[in-house]
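Presented below is the structure to which this report refers.
Numbering (UniProt numbering), first residue to last: 1 to 211.
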């Protein structure tokens, strides 16, 4: 038989209420500095005690109109020690904490704070790959090189001197022959190089010239 006292023990209800605050900030209150949630909106969401974590997050997203992350206040803690709820195990432990704190057990009211989920940062490619790809796209520019100087040897200098001296010697010979002819009483004439051409010697006599 069931004792009379057992009928007086209230059973936990099957409904859990979440007091959901979102869109505001947790700030210290003036003048005592106690933390309070300021701004935003606070709405009540009633769910079954047996709800799973994915189902709860789906209902919270419908409530806020976007995906959110869930943090809850423990019954014996202040707002500076919120607990992140990320799985079914976290949700079950949270409900147990509120059940132990409720005296007598009644419909639980869990203080919940919703915020946008953290965005995933995109990893940019290293700069080395970008520089290597750009190097393949453009052809290297080659600068023209000046011809290497030809070394001047001693034989080369001697050959150049001979080529320059030879016409002068021929001119001296022709001048000597002209002087000899003049002394012999022949028609005078003179010899010279025309326009610096070493291979031609001209003899002039009374406006006429012979080659």
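Glycine residues also receive a C-beta, built at the ideal position from the N, C-alpha and C atoms.
Determine the DSSP secondary structure at residue i, reduced to helix, strand or coil.
i	result
residue 58	helix
residue 120	In this prediction, residue 120 has a pLDDT of 49, which is less than 50 and means its spatial position is unreliable; nothing more can be read from the coordinates.
residue 79	coil
residue 74	coil
residue 1	Bear in mind that a pLDDT of 47 at residue 1, under 50, signals an unreliable position, so the model cannot answer this.
residue 32	coil
Starting from residue i, follow the alpha helix (DSSP H) in both directions and report where the run begins and ends.
i	result
residue 90	88 to 101
Do residue j and residue i have their beta-carbon atoms positioned less than 7 Å apart in this structure?
i	j	result
residue 19	residue 111	yes
residue 91	residue 53	yes
residue 76	residue 49	no
residue 74	residue 26	no
residue 114	residue 22	yes
residue 51	residue 72	no
Which first and last residues belong to the beta strand (DSSP E) in which residue i is found?
i	result
residue 25	15 to 28
residue 107	Neither: residue 107 is in no beta strand (DSSP E) and is coded neither H nor E.
residue 66	It is not in any beta strand (DSSP E) - residue 66 carries neither H nor E in the DSSP assignment.
What's the gap between the Cα of residue i and the Cα of residue j?
i	j	result
residue 62	residue 69	13 Å
residue 101	residue 94	11 Å
residue 46	residue 66	19 Å
residue 98	residue 31	30 Å
residue 55	residue 89	14 Å
residue 57	residue 96	19 Å
residue 87	residue 43	22 Å
Near residue i, what residues of its chain come up, given a Cβ to Cβ distance below 8 Å and the 5 sequence neighbours on each side ignored?
i	result
residue 28	34, 35 and 36
residue 116	66, 67, 68 and 69
Take residue i and list the residues in its own chain whose beta-carbon comes closer than 7 Å to its own, dropping the five residues that flank it on each side.
i	result
residue 59	45 and 47
residue 24	37, 38, 39 and 40
Below 6 Å CB to CB, which residues in the same chain sit around residue i once its five sequence neighbours on both sides are set aside?
i	result
residue 16	47, 49 and 108
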